[in-house]
Amino acid sequence: MLVAYIFHAVYQAHLLFCCVQGSWDDGLSLLKMDMDVEMKEDLGRSWSLLSWVASCVMVFGGMVPYIPQYLEIQRTSNTEGFSTRVCLVLLIANILRIFFWIGKQFELTLLMQSVVMIATMLAMLQLCCNVQGTNRVATKQHHFTDLDLRYFWSWSRFEDYLLFCFVFMVFCAFVTFLFLDSTLFVESLGSLALLFEAMLGLPQLLQNFQNRSTRGMSVKMVLLWMAGDIFKTTYFIMNESPVQFWVCGLVQILVDVAILLQVLYYDPETRGKL
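Okay, structure coming up:
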């Protein structure tokens with residue numbers, strides 16, 4: 003009888019231990035699940051923050067390379083080292099990209115980037131016009147309304163550049179309205195916009211070649227071009243943007259490299275700037 007009682011007590015203790023052990027395991031499992039959920043939420047918040055920062059860099063990063071050149075022109079009151087046709091290329095490219103967005107809505111970040119770049123290029127043109135107006139001797143003025151192709155993009159007043167942009171935007175709006183339902187037109191518009199953007203550094207490359215010098219050009223601007231082009235090409239690929247975007251980025255990187263090689267070839271003393 004005593005043995006049976008002892009056996010029964012031991013059995014009950016074993017059952018109690020199993021129950022406690024089971025509850026402990028369940029508690030550990032629940033704790034682990036809670037930690038996993040919290041970790042996933044933290045990772046999600048971190049990724050959202052990084053994505054937001056990347057978007058801000060995409061929107062405003064494009065204007066950064068022009069700050070050194072802007073300051074250089076202000077300091078020297080000389081625009082000879084900077085090709086204003088860079089502004090022409092970027093204005094056309096970003097105006098076309100805005101209408102491309104109307105036909106095919108891609109990331110809003112890229113639309114905002116275009117607006118910022120248009121404002122930046124207009125600021126650069128205004129500075130160049132002011133400096134050239136101060137340095138210009140009494141010669142005949144040239145205006146957009148003259149319709150003289152010999153002086154295209156070499157006008158005397160900033161207002162002429164604004165007028166050109168306005169006329170170009172009205173023309174693009176009219177054509178886009180007519181062919182908005184055509185997928186071929188929309189895709190061609192996007193390709194044309196990015197073709198112009200890919201040629202961003204080409205005017206500067208040609209001007210350096212004609213001058214046989216890179217003096218007056220901000221090397222920091224070109225280095226920032228390259229850094230920005232590498233960043234945005236990576237951004238395009240990671241965000242699965244239309245193929246036109248990352249092909250454009252790769253072409254721009256090649257042009258940036260060519261300009262830096264010009265710095266080394268034409269002006270060896272500027273190598274220290276690199």
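Going by the working numbering, the letters in the sequence shown line up with residues 3 to 276, in that order. Glycine included, every Cβ here is placed at the ideal spot set by N, Cα and C. Here the structure is a predicted model, which means the values were calculated and not measured.
- In the three-state reduction of the DSSP assignment, M201 falls in the coil class.
- Just so you know, the alpha carbons of V249 and T235 end up roughly 8 Å apart.
- Remark: C-beta atoms of T185 and C130 do not approach each other more closely than 8 Å.
- A distance below 6 Å between beta-carbons, with the five flanking residues on each side excluded, links L196 to the following residues of its chain, in chain order: Q246 and C250.
- In this structure, M123 places its C-beta atom within 8 Å of the C-beta atom of L93.
- T178: member of the alpha helix (DSSP H) spanning F160 to F181, first to last residue.
- F238: member of the alpha helix (DSSP H) spanning V221 to M240, first to last residue.
- Secondary structure note for F101: its alpha helix (DSSP H) is the uninterrupted segment R87 to G105.
- Inter-segment contact for the stretch 195-211 and the stretch 257-264 is present: three or more beta-carbon pairs are separated by less than 8 Å.
- Here DSSP, grouped into helix, strand and coil, assigns F146 to helix.
- The beta carbon of F84 lies closer than 6 Å to those of Q71 in the same chain, with the five residues before and after it left out.
- Nearest in C-alpha terms to T136, of all of W227, I97, A56 and S158, is S158.
- A direct Cα-to-Cα measurement between Q134 and N80 gives close to 8 Å.
- Taking 8 Å as the cut-off, the beta carbon of A200 is found closer than this to the beta carbon of Q254.
- Between L98 and L202 a beta carbon distance of about 13 Å is seen, past the 8 Å cut, so the two are scored as non-contacting.
- P70: member of the alpha helix (DSSP H) spanning Y68 to T78, first to last residue.
- For L252, the uninterrupted alpha helix (DSSP H) run begins and ends at V245 to Y268, by DSSP.
- By alpha-carbon distance to V117, the top candidate from G64, L151 and Y68 is G64.
- Taking the C-beta atoms as reference points, N96 is found nearer than 8 Å to M119.
- The beta carbon of H145 is closer than 8 Å to those of W157, S158, R159 and D162 in its chain, skipping five residues each way along the sequence.
- The three-state reading of DSSP puts S156 in coil, since its state is none of H, G, I, E or B.
- DSSP places E189 within a helical segment (H, G or I) once states are collapsed to three.
- A check of alpha carbon separations from I69 across M240, V224, Y268 and I232 identifies V224 as the nearest.
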